[in-house]
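In our numbering, the protein residues as written are 45 to 163. Let me begin by presenting the structure, written as structure tokens, before commenting on it.
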Amino acid sequence: MKYDKNNVFHKIIHGELRAKTVLDGEHFMAFHDIAPKAPVHVLIIPKGNYVDYNDFSEHASDAEILDFNRAISKVVRMMRLENGFKMISNAGKFGMPGDERGQEVMHMHVHILGKPSDE
Ligand code: AMP
């Protein structure tokens with residue numbers, strides 16, 4: 045699938061839309077989901093134009109992949125999720141059997157969901 049720049053996360057990266065930013069790195073951004081499904085619900089996105097995780101892992105540079113993966117542990121520490129969290133990345137429109145909700149925003153992202161360790 046070809047990347048379409050007309051998506052909300054592309055607008056957030058390029059300053060056309062505001063997000064509640066958690067972390068802003070060279071190759072990634074992390075911000076709070078606008079409709080949180082858990083006490084902590086943070087999205088981590090690469091700044092490059094990748095449609096989904098598969099596109100990212102196939103085409104991103106080593107530096108982008110490293111920076112993105114390190115961002116996960118930084119967010120986990122910042123949000124105090126050391127006791128556990130769930131990480132989800134939807135790819136494609138069709139979801140999976142039993143849960144047909146697919147990817148809504150066609151810019152690669154992972155959801156980090158959990159509850160702070162001191163709550
Ligand atoms: P997905 O179904 O994996 O594509 O999830 C997209 C997520 O993006 C959903 O959880 C939305 O609540 C979230 N979302 C959509 N627009 C925004 C926005 N402007 N700022 C933050 N999160 C958003």
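Quick reminder that beta carbons are idealized off the backbone N, C-alpha and C, glycines included.
Annotation for residue 145: 134 and 139 place their beta carbon closer than 8 Å to its own, counting only its chain and skipping 5 residues before and after. Using a Cβ distance threshold of 8 Å, residue 119 and residue 86 count as a contacting pair. Contiguous beta strand (DSSP E) elements confined to the segment 45-93 occur at 65-68, 72-76 and 84-90, taking only those with 3 or more residues.
Counting every other CB atom within 10 Å of its CB across the protein chains shown gives residue 153 a total of 16 or more, marking it as buried. Secondary structure note for residue 153: it is in no beta strand (DSSP E), with a DSSP letter that is neither H nor E. In the DSSP annotation of this structure, residue 118 is not part of any beta strand (DSSP E); the continuous alpha helix (DSSP H) holding it starts and ends at 106-122.
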